[in-house]
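In our numbering, the protein residues as written are 967 to 1326. Where is the CB? At the ideal position from N, CA and C, for every residue including glycine. Fair warning: this is a prediction, and the values are worked out from it, not measured in the lab. These notes concern the structure reproduced below.
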């Protein structure tokens, strides 16, 4: 373990020098990559220094016990071993998790798409509930949310809503939310009091930056149209809404949230870039999923991942068989516990894969 950590420490020092080099200063893509690597290595280096000192103290205490004739010194050495050996075991596990290769997309902002699925008007209302849930969660994290596109439901809620979420490690937290969310409750339109099951699909994409995906202007077709929905006369009568089509892939993105065509174009371009970036990311996720037993972050959008049961006040996370009876808190934005448990399950899978690979 120490040899591996020592090699990482050497790389940390190397990156520290490279960040301030003329090459990095003149190449924004290189500078961003080095800065991210430096930030990712920092917690490992802090753990390495503590671990190195711990191992040194243990070795010193063992030496005193085996060689010293001083009873008081031996007693102190024994007390130090009793304290440090359990801490070393703890740090062994902590460092194993720290050494799991990080998804490079985890630190990115995210584009979230929520779409009503089966269930008619109730599905649209549920999509609105999910939108408010994620907005509230983003607020607790200090993240910024920004609407990109909205298609209203006929009886409230949304047929589709797309938003950008920006902040620290947004995609790394929200990527587990991709999939089919089900709700079981009595719809507002139900007169017989029967419980119905409706669904909405959540898709979370890492927001691709310009140097992640190079889009040629000649490959993009731009169409403009009048915005629909609320926003006043200027929104509804001018061609401010923008639809962009990436000709080579057929991927489409649109935005009508702003009065300015230019601002709508910029937002739509972010979504387009992210959707194209996600095509490559999806291939990687599917490949990774082949080596694992569960679908914690397989990216399978058709997978039923969570059920919100109102009559029982229950929320069930199907991927890790976790059930909590705090539905009102969850739908109010308190979803961190689910995300934490999913991350633990994901790390456990990666550790298993890593152990299997090293055994082979």
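Check	Outcome
Length of the line joining the Cα atoms of residue 1237 and residue 1303	29 Å
Closest Cα partner of residue 1187 within the set 1216, 1170, 1110, 1171	1216
Straight-line gap, residue 1162 to residue 1152 (C-alpha atoms, nearest Å)	6 Å
The region 1283 to 1300 contacting the region 1094 to 1109, beta-carbon criterion three pairs below 8 Å	yes
Stretch-stretch touch, CB-based, cutoff 8 Å, three pairs: the region 1026 to 1037 with the region 990 to 1007	no
Reference residue 1114; option with closest CA among 1207, 1140, 1147	1207
Rounded straight-line distance, which links the Cα of residue 1140 to that of residue 1074	11 Å
Expected contact under 8 Å - CB spacing of residue 1092 and residue 1122 to nearest Å	In fact, because the Cβ distance is near 10 Å, the residues do not count as touching under 8 Å.
Residue 968 versus residue 1026: straight-line alpha-carbon distance, rounded	16 Å
Extent of the continuous beta strand (DSSP E) to which residue 1188 belongs	1186 to 1191
C-beta atoms of residue 1271 and residue 1285 nearer than 8 Å	yes
Alpha-carbon to alpha-carbon, residue 1170 and residue 980	34 Å
C-beta atoms of residue 1136 and residue 1043 nearer than 8 Å	no
Exposure of residue 1108, with buried meaning 16 or more beta-carbon neighbours within 10 Å	exposed
Cβ neighbour criterion (16 or more within 10 Å) applied to residue 976	exposed
C-beta atoms of residue 1085 and residue 1165 nearer than 8 Å	yes
The beta strand (DSSP E) enclosing residue 987, as first and last residue numbers	Residue 987 -> no beta strand (DSSP E), and no H or E assigned at all.
Beta strand (DSSP E) runs wholly inside the region 1000 to 1086, at least 3 long, in chain order	1076 to 1082
Residue 1140, enclosing alpha helix (DSSP H) - first and last residue	1136 to 1140
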